[in-house]
Structure formats: C-alpha cells, structure tokens
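Sequences listed follow chains A and B, in order. For reference, each letter of the first sequence is one residue, going 8 to 160 in this note's numbering. For reference, each letter of the second sequence is one residue, going 3 to 660 in this note's numbering.
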Amino acid sequence: MGVAADALLDLPAWQAILDREAGVFAELAPGASVGFVPRRVAGPDGALRSSAMPSVAPLEMLAWERDAGGMTACLRSYRGLADAGCDVLFFCERGALEAVLARAGSDALGEMKRRIRAGAILLMVLRTRGELRARGYEDFLESLGLPFMGACR
Amino acid sequence: MSTQTTGESRYAALFRPGRIGRFETRNLIKYGACCVSNYNERDGTITERELARTRVIAATGCGMITNQGAYPDPRGEGKAYFRQVAIFDDRFLPQFEQIARAIHDGGAVAIQQILHAGRYGGIDLGYCVQPSIVPQTLPHFRPPREMSKEDIRQCVREHAEAAARAVRAGFDGTEVTSFMGYLLANFNSKFTNQRSDEYGGSIRNRGRFMRELIDAIKQATPEHPLVIRLNGNELMDQWGGNDEDECFELMAQAVERGVDMISVTVGWQEAPASSIGRDVAPGHWNYLAARAKRSFPDTLIAFGNRLPDPGMANECIAKREFDYWEVCRPLLADPEMVHKIRAGRGEEIRRCIGALNCLSRLFRDLPYTCTMNPALGHEVEPEYAITPAAVKKKVMVIGAGPAGMECAITAAKRGHAVTVFERGERIGGSLLGYAAHDLARPDDLLSVVRHYEIMAAKLGVELRFNTEANAKLMRSVLHQYDACVVAAGAGIDLEAYAGLPGRERLIDALEVARGRATPGKRVVVIGGGKIGLTLAESLRQGGADVTIIEPSKRIAGDVMPSFKWRHTAWVEELGIRTLLQSRVLRVDADSVTVVDAKGVETRLSADSVIAAAPRKSRQALFAEFEWMIDELHGCGDALIPRGLDAAIHEGYRLGARL
Ligand SMILES: Cc1cc2nc3c(=O)[nH]c(=O)nc-3n(C[C@H](O)[C@H](O)[C@H](O)COP(=O)(O)O)c2cc1C
Ligand code: SF4
C-alpha cells in the first residue's frame, strides 16, 4: 500500500483546490500535466522503497491535468520515472498531502510550498526548461518557490 | 634581521611555504577554481578576454592557482556553462600554455581543473549524462541519460587524456571536481547513483568511478599532483543523498588511491539550504575541513567555502584544521587581497559581500561579473583601467551612497581632487537603511560602507556632511569645481499616491529604514520589492503584525535572482501575509482598504501604512545645475532606481573616465 494514498485519492477535494486556485494555472498549456505519488512504497517484502525509480510496480498517481476547460484532478497509473506521463512529478511524504488538503479552503498552495521547503514534498522535472516554459510552467513553479532559472545558494 | 613584512608575521601560518608533490608553494593560499567565466567561445576556445582576466588571477600572489574547470569530452556532455573552456583536444593547447605560463610568471604552482558537470551538464545538448536516470529537481537542467559501462570507461579515459594535455601545456598538476553536484558527485551519491552493477549500490561501488578516475589520471601524469574536490556535506539529505559520514568514507577512498590533496566543498546546486550565500555565517563550514584533517592527517586538505576572513583562515591553518586556504570569491572582489594583507594594509580590502551576483549571472548564460569589483571581466578593456587623469580636475560629487563614493574614490585614485556633499551625517546612503534591517548579515553590507570610509580618508577625499545640494549651494561654489557628479540616489515616489484617500497617513519606507519614523504594531507595507521586503521582515521579527500589498503576481521582483528564494522563505517562515495583484484603495486611521485583481475589497487593521514603492530617481539637480558647471554627470539610482551593483559599477566607470 502506498504511503499517503488516502489523501491522494480524494479527487473532489483536489478539484476544489484547482478551481479555487485557477489563476495560478492560467498560463498552463492544454496537455500540461502534474503528478503526485507517495515518496516511498512498500515492496513485496514489506520494506519501504523509493518510488523515484525508473520502474516500479504500478501505483496510483494523482494527476492535475490541463485541458481546454481548465484544470482537472484525476487518477493515473504510475509505473516509474521512465514512463511517468507527466511533466512534473511530486513525491510526497506521509502526511504532506493531508496537510495540503487541510488548507483546501484557504491556502493550499501556500501549504504545498511550505511542505516543499521542508522536504516533505519533493519534485522532479521530466521535461527540459524550454519545454516547461513553452507549456507555461514558469508561474506555477515559481509560485511554489522553485527557482526556474537555476539556483546558487 | 627579519625580512618579514607586518602582514607576514601577523598571518604567519598563511604565509608559510608549502609543498604539493614535488612542487613548492610560496604560501598556503590556493586560488580556488572560481573562474568558470562565460568569457570564451561557444566551442570552448579561450578568448583574449579570458587571458586578460587570467593575468590578473596570476598576479594575486597565491601560492597555488587553480585554473577554471574545463570540460573533457568532445560531445559537450560535461559542459555546464554556455561559454565554458574545453580541454578535449590538442587544438586548445596554445591558450592553456599561455595560462600556465602566466601563473608560473606570477610565482604560483599551476593546477588545471577538469570539470565534467554530469547531471548539470550537456548545456548545448538535449540531455545530460548520469550514473542512473534520476530526473532533475530544478527546471534549469537537462533530462538525464544513463551512462553505459562503455560510456564510463570512455569518460575515465577522457579525464586522463585531459590531465595529460594540461600537464603538456605546462600545468604542474590537475584537479577533478565534484563541486555542487557534478558528475563525480553524481556517482558518489546514493540519490543520483541507483545502478545495480559494480558502479552502484554499496558506497564502495559508488566510489568505484572516482577510484578509477584517480588511478587513470595518476597513471597518465605520474609525476604531477592530483587534487580532488569532494563534498564534506552535500546538504542533500532530504533527497536521500549521502550523509556526512558517507562523504568522509568517500574521501577515505580517495586517500587510499593516493590523491595529493582533498579540497572540501559543501552543498549541491539543487540543495534546499544555503551553502555559500550571504545568510551563511563566515566560518560556518570550517568543522568539515577540520574533520577531514583529523581523519586524513597525511593528505593535504584545502578549504575555503564561505571563509572570507584571512585572520580566521590563518588561525585555522595554525590550528591544523586544514593546510591550504582555498579562496574564491574574496579574490574576485579584491584581486589585491593577498598583497594587501602581506603589506599590512588589510583594512583596505574590498570584501566579498556574498550576494552571489557572480554565480547568478553564470546561470543566465551571462559572463560573470562582481558587485564589488567593477573591473572584473573587463581587464582586456583599457577603458576600465584606473590610469592617471590627463587633466587633474576639481570634482564635486553629490551623495555619499555607493555610487557617489565609488565614483569619488576612483576619481581620487586618478589624481582628481574630490569633494563629496552629503545631506546626511555619514557615508552609506540607502545602504545604511538596508543594513539596519537586513536579516542575513548586516556586516556584509556595512563592510562596503567601511571600505569607502577608509579609502576616502586614505585618498584625501573631502567629505561635507549635513550639506543639502541645491542651487544655493551651487551658487556659493560657482567656478570652484570643474565637474559635478549627481549621485543623489532615489526616493519613494509619494506623488504616485496623489489621488489616494488618506495618503497623508502614508509613511515613507526610507524614513523607517533610517530610523526616522517608527511604525506601530500592525503594519501594512505597500510594495513587495527589496525595500518593502527588507523592512517587512525586520518589523515582523521585531514583533509587528505585517502584511505586504504587491500589485504584481510575485514578490521580490527587483531582488537579485540568487536571493529571491531567501526573501520568499523568510516571508513564509516569519508569517508575513502577502496580498498579490492587489492595490490600496484608501488609508484610514486604523485600517487600510485593499482591492485584488478580481475586484474583491478587503479591509485590514493597520496603525501604520508604509509606502515602499514606487521608487523615483532624485533627478531635479540635473536641471538646476545645468548652466552652473562645466561638466555635469550622473550615476547610480539618481539615473534609474536599481541597486548596489549598478551603483558601484556606474560610479566606477564614471570615476575612471572623468
Ligand atoms: C564565479 C564562480 C565560478 C566558479 N567556478 C568553479 C569551477 O570552475 N570549479 C569548481 O570546482 N568550483 C567553482 N566555483 C566554486 C568555488 O571554487 C568555491 O568553492 C566557492 O565559490 C566557495 O568558496 P568562496 O566562499 O571562497 O567563494 C566557482 C564559484 C564562483 C563564484
Ligand atoms: S559578486 Fe558578490 S558574491 Fe560574487 S564575488 Fe562579488 S561580492 Fe562576492
């Protein structure tokens, strides 16, 4: 069973957040897609393993997808990084998505940003910078405190 | 009789001679590879601009000088920067020969660094290479490809060939770097190395690539020392990277293969925490070098990350915490630093303020420059040199902020007689206000002010404080000066609020910054740029309840790219409320009404409303003085409001040509 799976499956709650925060996603091009999976999954022996591997046993991925009408929350199958089917992938520690959902009515993306900073949500980009820019990701990623143009600290 | 200079006895440990392999160094200062410059051709050929810069580096007085990281493969997989130098072919030899010669002429041991950027490489390609396919965490970098065993063998061969080529060019030794997450670090890390063959898995396997690299380079250049840069801490724990103990285990493997020196570094580019930024206290990471020295007493240890203070470095060496002070940015900011401390003129050093304008520019594919050293990167242009003025003039400078003072001391160095008129009572201008509220390290900013105070005194620049510059003043000094430089800075444009109900209640942010106005406990700051943010953070830390109103989509729009994240993180951590895409509708005695982009109005309780934007240049003097003086110039924020970097650079350029 995936860690943090319950929050991940709560599609109506995620849809409400996407509707509420529509402005942040306004620049995303149709076809853009962001995925969320638990950071660790239990293997056949019960031990937890990283899901950030080229291939893993299928597990459910929460996807935020952009179509002509706006953002939609849905579930997809995740089989590993090699074929993730999204542009940006978030790996979530136990409790991180619950915390974001708990702020659904007020500051969900702010909470997401805080969780990213605290290391409870990690992301991986699966496209080049140019592709991400062409798909309108700059605003969304910067709003999460992720330096689009590279970091040096 | 002792022939030691004052500085040599004061910094006795630093100025002790040293030895690496069969090469003697005149002191224990290593110029760190800090020169990926983006000054070169896109194909990796070294330019005249680079060679001129290198001659300055060669003359720094260091005992050992590391030339910038060159990528070793013809495909460009190792290439991290837009105009990085290449060393994969003999056609690059002539320029490397010139660089090695220049370093030797300057009296230093010459080390060439080989830099394969791995995860951060392939800048001209659609991909980068890594031990395993671990996608990027920062959008800036390329999608990964896994290296096959044949790729690894070829890569090791290319490193060895590059090392041999460097030695043929006249370098005394070579260095491989895993600084900030390059290929070597990618193999060593359990985050980026998820291979299941003999190059991945256990720490011994992960270190195999490094050991093979060391063996191959040692075989190719048996008479020449090899330096390896390894992380003492990756700061990548939250990604599942190596912890500190693992980093030291990897160092042990390098020692076992006979490297001559370990240069200890900190952090990866994608690490969430600061490693060398202004918010890290100088000396913070010294413990890593000390641990390396304790663990490997027979191997030379070089260290310098965020260690800008020669006194502290001297002490560390004296205490055997490391063997060589490896300096990078302090020597960008002041290439004369070593000579100054040697001559007992340490107080004249221009300190690196750590704000990372240099690296920020590299990430934007621009040539690097330095806030504190306006000539850096322009060494090839005579226009940037400080030469004696052909006609000695009497120069009046209006404003003792960084632009005015930089212009004043540069002009004074050229032989002009300079008087600075300042309406305040000390040097610094708006920098003093920033420093008073800076949460990172006010001392960095104040070091700029101190530098101007010291240099003005040494160069005989006359300072007239508490003197308002206006037409009356100008009439009183009519025909006494040949040139006037208006460097009066910028203020907050309160006129922009002309139609705002309650505008008389607005407080000017600069008045608060300078301590001339004291806000209450419920504060609203209009403007989420650097002035508004700096004040908001400081007031919040002092216990006030603070809200920022920003008309655009994001805060920190005018902040240096490498520091934006720092402000946004502080805003989060301190719990400062931000209302974006919003503007103020009215200001009342105990509240302010705000409207957002959707037209929704909000009333916020506030006992003080601070206007921190927009800024407006103080340009009135240009019109007033136009017919009263021969030459009239302007520089810094008085032309267009920007910041410290533009102020210092413009002040210098103007001072160099007056
Ligand atoms: C402009 C610039 C270029 C750099 N280029 C390299 C490089 O080519 N290879 C490398 O290993 N480190 C490089 N570095 C890192 C420095 O060598 C050094 O480790 C880092 O700046 C921290 O030391 P400092 O606090 O003395 O600056 C560079 C740093 C800067 C600021
Ligand atoms: S740009 Fe800033 S951080 Fe870089 S060397 Fe200059 S003063 Fe230091």
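Backbone N, C-alpha and C fix where the C-beta goes; we use that ideal spot for every residue, glycine too. Since the structure is predicted, the reported quantities are computational estimates derived from the model, not experimental observations.
Thinking C-alpha only, which one of the options is nearest residue i?
i      : options                           : result
B/G120 : B/N188, B/R452 and B/A166         : B/N188
B/Y289 : B/F305, B/D560 and B/P133         : B/F305
B/R294 : B/L368, B/R322 and B/P274         : The question names Arg, but residue 294 of chain B is Ala in the sequence shown. Checking every option, the nearest Cα to that of B/A294 belongs to B/R322.
B/S134 : B/D153, B/P141 and B/L117         : B/D153
B/T520 : B/A546, B/N235 and B/G530         : B/A546
B/A72  : B/R51, B/F98 and B/M66            : B/F98
B/R347 : B/A599, B/P384 and B/K460         : B/K460
B/I642 : B/S619, B/H651 and B/I351         : B/S619
B/H226 : B/G431, B/T176, B/M212 and B/A392 : B/T176
B/A402 : B/M149, B/P274, B/K474 and B/Y454 : B/Y454
B/G517 : B/L535, B/G20, B/V526 and B/S540  : B/S540
B/R605 : B/D590, B/P616 and B/A599         : B/D590
B/E26  : B/R197, B/E43 and B/C64           : B/C64
A/R101 : A/E138, A/A111, A/A49 and A/D114  : A/A49
A/S40  : A/R27, A/L148 and A/G152          : A/L148
B/K523 : B/R542, B/P312, B/G530 and B/E408 : B/R542
B/G636 : B/L368, B/Q621, B/L512 and B/R644 : B/Q621
B/G430 : B/H161, B/A515 and B/L378         : B/A515
B/A599 : A/A141, A/C93, A/V31 and A/G53    : A/V31
B/S180 : B/A82, B/E513, B/S198 and B/G172  : B/A82
B/F685 : B/R477, B/R280, B/Y370 and B/E464 : Nothing can be reported for residue 685 of chain B: it is not among the residues displayed for chain B, which extend from 3 to 660.
B/Q132 : B/E160, B/N195, B/R170 and B/P299 : B/N195
A/G42  : A/A29, A/P51 and A/A59            : A/A59
B/M374 : B/N42, B/R21, B/A648 and B/Q70    : B/A648
B/R280 : B/F173, B/P444, B/L433 and B/R507 : B/P444
Tell whether a beta-carbon distance below 8 angstroms holds between residue i and residue j.
i      : j      : result
B/V597 : B/S584 : yes
B/F90  : B/D75  : yes
B/I509 : B/V611 : yes
B/L232 : B/I264 : yes
B/G183 : B/E248 : no
A/L69  : A/L82  : yes
B/V586 : B/V487 : no
B/I113 : B/I67  : yes
B/H118 : B/L228 : no
B/R308 : B/I355 : no
B/V422 : B/G435 : no
B/N359 : B/M562 : yes
A/L133 : A/A91  : yes
B/A485 : B/V602 : no
B/R28  : B/G109 : yes
B/L95  : B/N190 : no
B/Q86  : B/G23  : no
B/G234 : B/V178 : no
B/A438 : B/I528 : no
B/A54  : B/A104 : no
B/Q115 : B/N42  : no
State the beta-bridge partners of residue i as determined by DSSP.
i      : result
A/V4   : In this structure chain A extends from 8 to 160, so residue 4 of chain A is not present and cannot be described.
B/I31  : B/W327
B/G636 : B/V488
B/D440 : Its beta-bridge partners do not exist; DSSP assigns none.
A/A49  : A/L55
B/A304 : B/S265 and B/Y326
B/P146 : B/C130
Is it true that the segment 5-20 of chain B meets the segment 342-359 of chain B, where meeting means three or more beta-carbon pairs spaced less than 8 angstroms apart? Segments in contact, yes.
Please list, following the chain, all residues that have a C-beta closer than 6 angstroms to any non-hydrogen atom of ligand 2. Sorted by chain position, residues whose beta-carbon lies closer than 6 angstroms to a non-hydrogen atom of ligand 2 are B/R331, B/L334, B/A335, B/C354, B/I355, B/G356, B/A357, B/L358, B/N359, B/C360, B/C372, B/T373 and B/M374.
Does the contact criterion of 3 or more C-beta pairs under 8 angstroms hold for the segment 210-222 of chain B versus the segment 249-269 of chain B? The segment 210-222 of chain B vs the segment 249-269 of chain B: in contact.
Between the segment 546-557 of chain B and the segment 565-575 of chain B, do three or more beta carbon pairs fall short of 8 angstroms? In short, these stretches touch, since the Cβ pair count reaches three.
So does the segment 117-132 of chain B actually touch the segment 66-82 of chain B, counting three or more Cβ pairs closer than 8 angstroms? Output reads yes: the segment 66-82 of chain B touches the segment 117-132 of chain B.
Would you be able to state if there are at least three C-beta pairs under 8 angstroms between the segment 127-136 of chain A and the segment 61-78 of chain A? They do not touch, by the three-pair rule.
Are there three or more Cβ pairs, one per stretch, closer than 8 angstroms when the segment 415-422 of chain B is compared with the segment 493-509 of chain B? They do not touch, by the three-pair rule.
Does the segment 324-335 of chain B come close enough to the segment 30-40 of chain B that 3 or more CB-CB pairs lie under 8 angstroms? Judged by Cβ distances under 8 angstroms, the segment 30-40 of chain B makes contact with the segment 324-335 of chain B, as three or more pairs qualify.
Do three or more CB pairs link the segment 624-632 of chain B to the segment 531-549 of chain B at distances below 8 angstroms? Taking one beta carbon from each stretch, the segment 624-632 of chain B and the segment 531-549 of chain B have fewer than 3 pairs nearer than 8 angstroms; the two do not touch.
Count Cβ pairs between the segment 634-648 of chain B and the segment 489-498 of chain B that sit closer than 8 angstroms; are there 3 or more? For the pair of segments examined, the segment 634-648 of chain B was found to touch the segment 489-498 of chain B: the number of CB pairs separated by less than 8 angstroms reaches three.
Count the C-beta pairs between the segment 381-390 of chain B and the segment 468-480 of chain B that are closer than 8 angstroms, then say yes if the count reaches three, no if not. Of all C-beta pairs linking the segment 381-390 of chain B to the segment 468-480 of chain B, fewer than three are shorter than 8 angstroms, placing the two stretches out of contact.
Tell me, please, whether the segment 159-173 of chain B touches the segment 141-151 of chain B by the rule of three or more beta-carbon pairs shorter than 8 angstroms. No: the two stretches stay apart, fewer than three of their Cβ pairs being nearer than 8 angstroms.
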